[in-house]
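Chemist:
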Amino acid sequence: LALDGFEAAAKSNGAWRGAGRRRHKIEHIEAIAIGDAGRFRRLDVSASFQPLHANPEPGWIGAWVANLGPERTERGFAWALVQRAGGRVVFGSDFPVVTIDPWQGLQMAVARQYVGADGKPRPPGGWIPAQRLTLEQSLAAYTLNVAAALNREGDEGSIEVGRRADFVLVDRDLAATPPLELARTKVLYTIVGGRTAYEAR
């Protein structure tokens with residue numbers, strides 16, 4: 003219905019063009035119709051998800067599954083579906099419902115698993131593993147895609163000459179870190195506009 007609304011508005015008022023064009027976003031997406039995946043790209047509507055809401059721990063996801071039913075559950079948190087259709091996937095936390103810590107969300111986006119009390123990943127193979135994103139895709143969803151959703155990709159979202167020097171230095175090589183250890187990442191320095199805003203003690 004939200005996509006229908008954006009499409010109708012564009013037809014009625016004309017599409018917005020140029021650097022100042024409006025970019026719409028649907029927040030808190032959990033399950034979408036398969037046929038709507040490509041509409042996010044066509045209508046230039048950002049698909050905003052909260053990765054930690056896809057935590058398959060039974061106490062967390064159980065009520066969600068019970069209310070949606072099996073058919074819609076299989077389309078749950080379909081990050082890869084929207085990504086493959088060319089849509090802009092945007093990640094956030096939904097704080098204070100879940101932690102604002104992005105590393106836990108990054109781990110869920112890449113693994114779609116939780117670690118049980120016995121230290122083993124659950125469920126085996128991951129929950130709807132076809133909807134996992136790669137580390138690179140997940141990082142983009144937290145950074146460059148967010149900037150693009152706000153029409154700020156020319157200034158923010160990536161480390162490039164001419165853009166704001168906003169970045170963090172972390173304690174590990176994320177690309178060499180097993181997916182289920184990404185949540186252990188610690189920030190050593192936070193740089194905002196080229197100045198140190200935080201330094202770990």
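In the working numbering, the protein residues as written are 3 to 203. We put the CB at the ideal spot given by N, CA and C, even for glycine.
1) Taking a contact to mean a Cβ-Cβ separation below 9 Å, would you say Val170 touches Tyr191 in this structure?
2) Between which two residues does the alpha helix (DSSP H) carrying Ser14 extend?
3) Per DSSP, what kind of secondary structure is Phe42 in: helix, strand or coil?
4) Out of Pro125, Leu54, Lys122 and Val84, which has the shortest C-alpha to C-alpha gap to Phe42?
5) Find out if the Cβ-Cβ distance for the pair Ile31, Phe79 is shorter than 9 Å.
6) Pick from Arg24, Gly128 and Gln52: whose alpha carbon is nearest that of Arg204?
7) DSSP on Thr136, reduced to helix/strand/coil?
8) For Pro181, which residues of its own chain have a beta-carbon under 6 Å away from its beta-carbon, when the five flanking residues on both sides are left out?
9) If we count the other Cβ atoms within 10 Å of its Cβ and call it buried at 16 or more, is Ile102 buried or exposed?
10) With a threshold of 7 Å on Cβ separation, who are the neighbours of Val172 within its own chain once the five nearest residues in sequence on each side are excluded?
11) By alpha-carbon positions, which one of Ser140, Leu184 and Thr145 ends up nearest to Ser160?
12) Do Ala143 and Ile91 count as a contact pair if the criterion is CB distance below 9 Å?
13) Do you know whose CA, among Met110, Val194 and Tyr116, lies nearest Phe51's CA?
14) Quick one, are the C-beta atoms of Leu5 and Val47 less than 9 Å apart?
Modeler: Reading from the atomic positions:
1) yes
2) Ala4 to Asn15
3) helix
4) Val84
5) yes
6) Nothing in the structure corresponds to residue 204, since the chain is present only between 3 and 203.
7) coil
8) Val112 and Ala113
9) exposed
10) Thr187, Lys188, Val189 and Leu190
11) Thr145
12) Checking the sequence, you will find Val at residue 91 rather than Ile. Yes, Cβ-Cβ distance for Val91 and Ala143 is below 9 Å.
13) Ranking Met110, Val194 and Tyr116 by Cα distance to Phe51 puts Met110 first.
14) Closer than 9 Å, so yes.
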